[in-house]
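Yeah, the sequence shown ends on 216 if you go by the numbering used here, and it's all consecutive.
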Amino acid sequence: MKKLPDKTIERLSMYRRNLILCLSQGKKYIYSHELANDLHITPVQVRRDIMLIGYSGTLRKGYDVEEMIKLIGTIIDTEQGKNVAVIGVGNLGRAIISYINGKRSKLKIVAAFDSDSEKSGKLYAGVRVFHLKELETQILEKNISIAILTVPGDVAEEIAERLITAGIKGILNYTPRPLNIPSHIYLEEYDMITSIEKVAYHSKSAEEMNYSYR
Ligand code: ATP
């Protein structure tokens with residue numbers, strides 16, 4: 003199957019989360035309009051995505067929830083799963099470790115790294131922290147292919163370079179510093195400060211807007 007667009011993958015991940023919830027509530031079939039309604043998108047979009055991954059439900063009953071979860075899994079996941087590392091075990095790094103680990107059987111945070119020797123050897127949500135000097139050996143040893151960056155922005159670029167040289171294939175960058183990395187490495191950037199500032203800007207009342215331009 004050819005590569006699917008980013009937005010489609012995002013929606014497939016959202017469908018799966020919703021379908022897992024449905025299953026836990028005992029719902030075995032779901033119509034496209036129900037999925038669409040839950041995710042605030044159009045039923046046409048849902049049907050298009052589902053057709054794209056080669057599934058068709060029955061008109062009468064809708065989609066088989068369990069089958070869809072399995073099918074989406076074959077697209078998003080790999081059979082053996084992926085090992086993930088978190089670099090930077092500050093407040094954000096620790097929160098991410100606790101939040102992500104155990105949520106997806108095919109994505110496992112298997113190590114964390116920090117330059118602070120005080121943190122070496124500690125366990126957070128069952129994940130061991132290694133000193134940064136062990137980055138390359140641990141990546142190889144633990145077959146880590148994805149890295150989540152939660153270090154300060156000014157060291158992000160140099161850590162990313164080391165990760166790529168060590169064989170990492172994808173990076174989720176939570177630092178405020180945009181990364182410039184080779185195109186064969188998949189990069190997803192998520193700058194929380196920019197996101198909250200966007201929300202703050204769009205939540206300004208008309209009065210506040212007038213005031214700021216006076
Ligand atoms: P956070 O920003 O996640 O809330 P914090 O305020 O505790 O954390 P930061 O200064 O942002 O700390 O650093 C995040 C983590 O990154 C810290 O644990 C710090 O020790 C670690 N760190 C700093 N520089 C490096 C580096 N070059 N390599 C790896 N880890 C680093």
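Cβ coordinates follow ideal geometry from the N, Cα and C atoms, glycine included.
Inset, instruction - Within the stretch 108-138, note down every full beta strand (DSSP E) run reaching 3 residues or more, in order along the chain. - result: 109-116 and 129-133
Just to confirm, is the Cβ distance from Tyr126 to Ser100 under 8 angstroms? yes
Would you report the Cα separation of Tyr33 and Gly104, rounded to the nearest angstrom?
-> 29 angstroms
Which ranges would you report for the alpha helix (DSSP H) in the stretch 137-197 if only whole runs of at least 4 residues count?
-> 137-143 and 158-167
Could you tell me the boundaries of the alpha helix (DSSP H) in which Lys84 lies?
That residue, Lys84, is in no alpha helix (DSSP H); its beta strand (DSSP E) goes Lys84 to Ile89.
Let's test the definition: count the other Cβ atoms within 10 Å of the Cβ of Gly90 and tell me whether it reaches 16, buried, or not, exposed. buried
- Cβ of Tyr31 within 8 angstroms of Cβ of Lys63? yes
Subject >> Pro184 vs Ile166 beta-carbon contact at 8 angstroms >> reply: Note that the C-beta distance between Pro184 and Ile166 is below 8 angstroms.
Can you have a look at Asp51 and say buried or exposed, based on whether 16 or more other CB atoms are within 10 angstroms of its CB? Within a 10 Å sphere around the beta-carbon of Asp51 sit 16 or more other beta-carbons, which makes this residue buried.
Item to complete: Less than 8 angstroms between the CB atoms is what I'm expecting for Ala87 and Ala149, so what's the real figure, rounded?
Response: Contact flag correct, Cβ pair sits at about 5 angstroms.
Since Ile74 and Leu14 should fall inside the 8 angstroms C-beta cutoff, what is the C-beta to C-beta distance between them, to a whole number of angstroms? Contact between Ile74 and Leu14 holds: CB atoms are separated by about 5 angstroms, below the 8 angstroms threshold.
- Check Thr76 in the structure and name its three-state DSSP category. helix
Rounded to whole angstroms, what is the Cα-Cα separation between Glu69 and Asp156? Taken atom to atom, the span from the alpha-carbon of Glu69 to that of Asp156 is near 45 angstroms.
Original post:
Does the beta carbon of Leu23 sit closer than 8 angstroms to a beta carbon anywhere in chain D?
Top reply: In the displayed structure, chain D is absent; only one protein chain is listed.
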